[in-house]
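Numbering (our numbering), first residue to last: 203 to 736.
Set out below in structure tokens:
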């Protein structure tokens, strides 16, 4: 039966409608895709703005004490992960700390008293009977802090020659000359106190040598930056290197280590362009309740072999806290720990702007898991728990949180959030190390200690930008080690440098002699402790 013209028109209209629906669906998909890309680009732009202009702190401004009680029992793999609404507790107001008096604030600096003497003899005559008034008592009426400018002093050492009076007229007259203590550096006028001051200014206060050169001119002393650099390198090699080697030997005896690295630039390195990146490393002991040891090391490259070489001779099975750099995988005999601060940092960067309080956002949920672990660690420290107690509490408190975090990780969908995808990839790559720290209460939850230890170098690098030679870079590493070791043990940094340079450590010393120069020794504390701990 032939179709009528109306039937044909109806079929054509149906086809047209179907095509229009297909076109509309394609347009909607394209719009949705573009919208997702725009949202992702906006998130990327917000992140770059924050990196460039925002605060570098990882602490979220919306953190409220007590809000992280959202974890229950460990989550089974086959069940969906349910997040409980965070409990918000308004923190109690802290009482304002009493402001110290001037006497309390400056109780550790020298004090002298000056008698006020502004009254004339006429002022001291009694207005009633004209008798001369007599002093009957004193009182403190005010206090001020006076600054005494620094000064340089040139000292000439005079050698006395002695002769034997009995032999002076014989064929073999006898003489002896008192040459005193040898110079710090042969043929140089630099003293331990001068070099210690220069080193403290550069490595403790981050003042480049060219600025120090100008400062010395204000004291009428033309001391060139070239001379200062030569002194630092020469004394670093002759005196600080033997001390550094002893620190290194002591470090290799420890079982809990941490490490971090940062780029640096060395201009005159054989076979390399001046713009090539070199690296500065910090290797320090962890929270093992022993005296901290902090070492700095310079290498031309970031290769993992450098780490392996530096820790050669350490007993296998030590715990090693680092970030996610793959070069640390060269240490096959280490119990590698993952830094939870890095995990949290990646998740914080994945939170879209304005969604910091949206607890349905996957990145926010991941941060809450991390925050819970750090909250537990804070309470352990406040309670002063021993490392054995911390080990037990971690297994009870934190292991279920990590198990819940891993279950959440399996189900989270990053969608179009590139930063969240990057965070998930990072966590998955180092998932096998997430629980290592639970094995011993002396293990750290994060690598923050070593990051804090390398920060002085990154701050100083902004001021002097580069090292001229590898010798200068190595000398910087040795001097930084002495400065930060003094700082870690609450010593006066400049006094400790003077203490070491006066002692002139050398490779012929015994370990017992080196021990007397360690910053925790009674000898060092007696000579270098700041006034407030003396």
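In this text, a Cβ means the ideal position worked out from N, Cα and C, and glycines have one as well.
Taking the CB atoms as reference points, tell me whether residue 571 and residue 607 lie closer together than 8 Å.
Taking 8 Å as the Cβ cut-off, residue 571 and residue 607 qualify as a contacting pair.
Between the C-alpha atoms of residue 270 and residue 583, what's the straight-line distance to the nearest angstrom?
Confidence in residue 270 is poor, its pLDDT being 42 and thus under 50, which makes the residue's placement unreliable; the coordinate value appears in the next sentence. Just so you know, the alpha carbons of residue 270 and residue 583 end up roughly 18 Å apart.
Can you name the start and end residues of the beta strand (DSSP E) that residue 637 belongs to?
Per DSSP, residue 637 belongs to no beta strand (DSSP E) and is neither H nor E.
Please report the Cβ distance between residue 704 and residue 394, rounded to the nearest whole angstrom; I am assuming they are in contact, meaning their Cβ atoms lie under 8 Å.
Indeed, because the Cβ distance is near 5 Å, the residues count as touching under 8 Å.
Is the segment 376-384 touching the segment 349-364, taking contact as three or more C-beta pairs under 8 Å?
Result yes; three or more Cβ-Cβ pairs closer than 8 Å.
Do residue 626 and residue 614 have their C-beta atoms within less than 8 Å of each other?
Between residue 626 and residue 614, the CB-CB gap stays under 8 Å.
Can you list, in chain order, the residues of its chain whose CB lies under 8 Å from that of residue 477, leaving out five sequence neighbours each side?
If we look at residue 477 and ignore the five residues flanking it on each side, its Cβ neighbours are 467.
Buried/exposed call for residue 683, threshold 16 Cβ in 10 Å
With 16 or more other Cβ atoms inside 10 Å of its own Cβ, residue 683 counts as buried.
Note the first and the last residue of the continuous alpha helix (DSSP H) segment covering residue 378.
Not the alpha helix (DSSP H): residue 378 falls in the beta strand (DSSP E), residues 377-380.
My output table needs one value for residue 356: the three-state DSSP class, helix, strand or coil.
Taken through DSSP and simplified to helix, strand or coil, residue 356 comes out as coil.
Could you please give me the residues that DSSP links to residue 365 through a beta bridge?
When DSSP reads this structure, residue 365 sits in a beta bridge with 377.
First and last residue of the alpha helix (DSSP H) that includes residue 698?
For residue 698, the uninterrupted alpha helix (DSSP H) run begins and ends at 695-705, by DSSP.
Once you ignore the five residues that flank residue 576 on each side, which residues in its own chain have a CB closer than 6 Å to its CB?
Here the set comprises nothing.
Beta-carbon proximity list for residue 671, same chain, < 6 Å, skipping 5 on both sides
Counting only Cβ-Cβ distances below 6 Å, and skipping sequence neighbours, we find 470.
List the DSSP bridge partners of residue 463.
Beta-bridge pairing by DSSP links residue 463 to 483.
Sequence-distant residues of its chain with Cβ nearer than 7 Å to residue 578 (five each side left out):
Here residue 578 has 599, 600 as same chain residues with Cβ atoms under 7 Å from its own Cβ, once five neighbours each way along the sequence are excluded.
Label residue 718 either buried or exposed according to how many other C-beta atoms from any shown protein chain fall within 10 Å of its C-beta, with 16 as the threshold for buried.
By the 10 Å Cβ count, residue 718 comes out exposed.
Would you identify the three-state DSSP class for residue 669, choosing helix, strand or coil?
Three-state result, residue 669: strand.
By Cβ distance below 6 Å, which residues in the same chain neighbour residue 456 in space, the five residues on each side in sequence not counted?
When the five nearest sequence neighbours on each side are left out, the beta carbons in the same chain lying within less than 6 Å of the beta carbon of residue 456 are those of 487, in order along the chain.
Are the beta-carbon atoms belonging to residue 540 and residue 391 less than 8 Å from one another?
Between residue 540 and residue 391, the C-beta gap is not smaller than 8 Å, which leaves the two residues out of contact.
Taking the alpha-carbon positions, what's the residue 616 to residue 622 distance?
Here the C-alpha atom of residue 616 lies approximately 6 Å from the C-alpha atom of residue 622.
Looking only at DSSP bridge pairs, what is residue 499 linked to?
Note: residue 499 sits in a beta bridge opposite 483.
So if DSSP puts residue 571 in a beta bridge, which residue, or which two residues, is it bridged to?
Beta-bridge partners assigned by DSSP to residue 571: none are found.
Buried or exposed by the 16-neighbour rule on C-beta atoms within 10 Å, applied to residue 405
By the neighbour-count criterion, in which a residue is buried when 16 or more other Cβ atoms sit within 10 angstroms of its Cβ, residue 405 is buried.
Residue 596: which of 561, 231, 647, 513 sits nearest, CA to CA?
Scanning 561, 231, 647, 513 for the CA closest to the CA of residue 596 turns up 647.
Could you tell me which residues DSSP pairs with residue 537 in its beta bridges?
Residue 537 pairs with 521.
To the nearest whole angstrom, what separates the beta carbons of residue 543 and residue 522, a pair I think is in contact under 8 Å?
About 16 Å; that fails the 8 Å criterion.
Quick one: is residue 348 buried, meaning 16 or more other Cβ sit within 10 Å of its Cβ, or exposed?
Label assigned to residue 348: exposed.
Around the Cβ of residue 680, are there at least 16 other Cβ atoms within 10 angstroms (buried) or fewer (exposed)?
Taking every protein chain shown into account, the CB of residue 680 has 16 or more other CB atoms within 10 angstroms, so this residue is buried.
For the putative contact between residue 401 and residue 699, defined by C-beta atoms under 8 Å, what is the C-beta separation to the nearest angstrom?
About 6 Å separates the two Cβ atoms, so the contact holds.
Where residue 642 falls, given that 16 or more other Cβ within 10 Å makes a residue buried:
Flag for residue 642 reads buried.
What does DSSP give as the partner residue(s) for residue 458 in the beta ladder?
When DSSP reads this structure, residue 458 sits in a beta bridge with 521.
At the level of alpha carbons, what is the spacing between residue 513 and residue 454?
Counting only the Cα atoms, residue 454 lies some 7 Å from residue 513.
Can you list, in chain order, the residues of its chain with a C-beta nearer than 6 Å to that of residue 706? Leave out the 5 residues immediately preceding and following it.
Result list for residue 706: 441, in chain order.
Can you list, in chain order, the residues of its chain with a C-beta nearer than 8 Å to that of residue 509? Leave out the 5 residues immediately preceding and following it.
Cβ-Cβ distances below 8 Å link residue 509 to 461, 483, 529, 530, 532, 533 in the same chain, with the five nearest sequence neighbours on each side left out; the list follows chain order.
Just checking, does the segment 688-699 make contact with the segment 715-729 on the three C-beta pairs under 8 Å criterion?
Contact holds: three or more Cβ-Cβ distances are below 8 Å.
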